[in-house]
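**Q**
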Amino acid sequence: MALSKKTKEAFLGPLNINNPVLVQILGICSALAVTVQLKPALVMGISVTIIVAMSNVVVSLIRNSIPTRIRIIIQLVVVAALVTIVSEVLKAFAYDVAMQLSVYLGLIITNCILMGRLEAFAMTNNVLDSFMDGLGNGFGYAWILVVVACVREFFGAGSLLGYQIIPDSWYVANGGFYENCGMMLMPAMALILVGCIIWAHRAINDKESK
Amino acid sequence: MEKFYQLWKKFGKNFQEGGKLSWLSSFYDAFDTFLFTPQTTAKRVGAQIHDGSDSKRTMIIVVLALVPALLFGMFNVGYQHLLATGQLAQGLTCALWWKAFGFGFLAVLPYIIVSYAVGLGIEFIVAQIKHEEVAEGFLVTGFIIPLIVPINTPLWQVAIAVAFAVVFAKEVFGGTGYNIFNVALIARAFLFFAYPTHMTGDKAFIRTEGTWGWDGGHALVDGFTGATPLTQLATTTETNLMPADFWTAVNGLIPGSVGETCVWAIALGAVLLLVTGVASWKTMLAILVSAGCTAWLFNEFGPDTAVANYPWYLQLVTGGLLFGAVFMATDPVTSARTECGKWIYGALIGFMVIVIRVLNAGYPEGMMLAILLGNAFAPLIDWCVVRVNINKRANRKGAAL
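Going down the list, the sequences are from chains A and B.
If you count by this note's numbering, then the first sequence holds residues 8 to 217, one letter each, in order.
If you count by this note's numbering, then the second sequence holds residues 96 to 496, one letter each, in order.
#1: Taking the beta carbon of residue 80(A) as the centre, do at least 16 other beta carbons fall within 10 Å, making it buried, or is it exposed?
#2: Quick one: what does DSSP say residue 167(A) is sitting in, helix, strand or coil?
#3: Give the residues of chain A in contact with residue 292(B), contact being defined as C-beta atoms less than 8 Å apart.
#4: Any Cβ of chain B within less than 9 Å of the Cβ of residue 165(A)?
#5: Can you name the residues of chain A whose CB is closer than 7 Å to the CB of residue 249(B)?
#6: 9 Å is my cut-off, CB to CB: does residue 191(A) come that close to chain B?
#7: Look at the Cβ atom of residue 277(B), then the Cβ atom of residue 476(B), and state whether they are nearer than 9 Å.
#8: Please give the ranges of any alpha helix (DSSP H) in the segment 409-457 of chain B, keeping only runs that are unbroken, at least 4 residues long and fully inside the region.
#9: Cutting at 6 Å between CB atoms, please list the residues of its own chain near residue 316(B), excluding the five before and the five after it.
#10: Taking residue 199(A) as the query, report the chain B residues whose CB atoms sit under 7 Å from its CB, ordered along the chain.
#11: Can a CB atom of chain A be found closer than 9 Å to the CB of residue 285(B)?
#12: Could you give the C-beta distance for residue 237(B) and residue 214(B), rounded to a whole number, given that I count them as a contact under 8 Å?
#13: Does residue 172(A) pass the burial test, meaning 16 or more other C-beta atoms within 10 Å, or should it be called exposed?
#14: With 16 other CB atoms within 10 Å as the buried threshold, where does residue 426(B) fall?
#15: Tell me whether the beta-carbon of residue 259(B) lies closer than 9 Å to the beta-carbon of residue 281(B).
#16: Using a Cβ-Cβ cut-off of 9 Å, state whether residue 255(B) counts as contacting chain A.
#17: On the three-state DSSP scale, how would you describe residue 499(B)?
#18: On the criterion of 16 or more Cβ atoms from any shown chain inside 10 Å, does residue 169(A) qualify as buried, or is it exposed?
#19: I need the DSSP call for residue 91(A), collapsed to helix, strand or coil.
#20: Any heavy atom of the ligand ADP closer than 8 Å to the CB of residue 227(B)?
#21: Could you please give the first and the last residue of the uninterrupted alpha helix (DSSP H) stretch that includes residue 62(A)?
#22: For residue 188(B), name the three-state secondary structure that DSSP assigns.
#23: When you compare only the Cα positions, how much space is there between residue 386(B) and residue 120(A)?
#24: Check residue 306(B) in the structure and name its three-state DSSP category.
#25: Chain A partners of residue 289(B), CB-CB under 8 Å?
#26: Please specify which runs of the alpha helix (DSSP H), each continuous and at least 4 residues long, are wholly inside the segment 113-145 of chain A, giving them in chain order.
#27: Can you say whether residue 75(A) is buried or exposed, counting buried as having 16 or more other CB atoms within 10 angstroms of its CB?
#28: Residue 252(B) CB to nearest chain A CB: under 9 Å?
#29: Once DSSP output is grouped into helix, strand and coil, what is the label at residue 290(B)?
#30: If you run the structure through DSSP and keep just helix, strand and coil, what is residue 185(A)?
#31: Cα separation between residue 356(B) and residue 413(B)?
#32: Under three-state DSSP, which class holds residue 111(A)?
#33: Just mark residue 136(A) as buried or exposed, buried being the case when its beta carbon has 16 or more other beta carbons within 10 Å.
#34: Taking three-plus beta-carbon pairs below 8 Å as touching, is the segment 134-148 of chain A in contact with the segment 48-62 of chain A?
#35: Assuming residue 152(B) is part of the alpha helix (DSSP H), what are its boundary residues?
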């Protein structure tokens, strides 16, 4: 099955040119909160991807029967149901990560990316396009989270996914010279890192457009 | 000198438009204006709003004003080292005096080199990329940073902090003259939050090991504590501890960051800054008066802790308060620019520094955070002052009509 150009665009656009975090500056709050370590960031990225994709599908299916005046409430109910399912699944199978994500898992409901995609895309497009758009936006959000979390965990704790990367003997406590950068563990640094990614993104894309 | 100048100008032809090194022209230009007075001076006719003196001249005055604090700081680093290792049991002889200065010189010099190498390196690279002149702003910043970091901070951490500060506190805002926050303080704040073990506590401010392998390996004297007076106040459980009396604090032979301890050296710099009109006396005075009053209020009505009971005149001369008030709060770029605003800006800093010291035991030294807070509010203060003035004049005009 060959995908139409529009469908491809719905998936590929949000990954780079129309990235929800880098270009639309949506979903920043959770990007700051869950990126101290890589593992919660990965789980968060996957959860958001699933929820955006599925809620896009559901809303797209019922888009013609939603009364315009109460559409936001209906969208919220759909998202809330999916968030509840995902958070129950995580609590059942990945309890530690669910605890680390704590309130931010429930707060996916208020993630601006979700409402933005439902309003701007799923309400006016068919199911397949909406699904691809949801996947694209979810992955677009997830890869930013993963990049930021990689930098923060590596420089802030010397590890990745919980495995120590920087050898123990390098640390001052063991007679070495190295220390972890405590600044990386602070939310401020996540904001600065997202800023750096936006900087690089603009620099590259502006050059292309010229 | 004349001959060197001719040679230098001839060499400079390579950098002009079409020359083989023209892509490095801003590099040449930077050294040219640093070494020689620029050829452009204020015209003799017509109205001038300021003279032809450029910001490099201003910067150099600030650097000169910092020299006494640096020299004394070097001596103090060595002095504290000798004191901690018990070498001053027989008093300070001439040989030991020179040893103290030499030790401190060798300890501080690497910080100056690293600070300038990293900071100017970034400035030069950015200037080449943006095809702009190399901005002179880092001359002062690079000189202040070694004076405000504790002497045991590892050099690679200083390098990271300088790079962070120059890129994220200055270049992203548009370079020299556009920064919101004092760049040197951002470097210190970065170190403070990123590597706290080297920034506070009783090991931070005294070099007990050797420098470059020289004079290391001494045993520490009994009962040695390397804590600064303010750290002692913040950590003690007594309610009326006096870690330093007035003249000890003024003379500055106490642990602390390199440049901040000696009141005499800072006062010398302050005089130069005030005589040349580089720094604003209003900001300095406002900080001192406001900090003194706040500390006095805590003395009289504050909680019964050591730091709240610490007399107001001692609060003014311990820690980085004076150094910050003279050299960093008065930074013309980040401070308030309206004359009335300078009073408010100074008062805010003076108030905050004492509040932070007294009420937050986690930050025994409040000057860094107080000035950064003042920087953040400076544009708002200016805006309010200007608005008030506009309204006043509008009303006056309305009354006349």
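Each residue gets a CB set at the ideal place from its N, CA and C atoms; glycine is no exception.
Please read these numbers as outputs of a predicted model, since none were measured by experiment.
**A** So, from the listed chains and residues:
#1: exposed
#2: strand
#3: 179 and 186
#4: no
#5: 184
#6: yes
#7: no
#8: 434-454
#9: 181
#10: 263
#11: yes
#12: 5 Å
#13: exposed
#14: buried
#15: yes
#16: yes
#17: The first residue shown for chain B is 96 and the last is 496, placing residue 499(B) beyond what the model contains.
#18: exposed
#19: helix
#20: Ligands are entirely absent from the displayed structure, and the ligand ADP is therefore not among its contents.
#21: 45-68
#22: coil
#23: 48 Å
#24: strand
#25: 188, 189, 190 and 191
#26: 119-127
#27: exposed
#28: yes
#29: coil
#30: strand
#31: 7 Å
#32: helix
#33: buried
#34: yes
#35: 150-179
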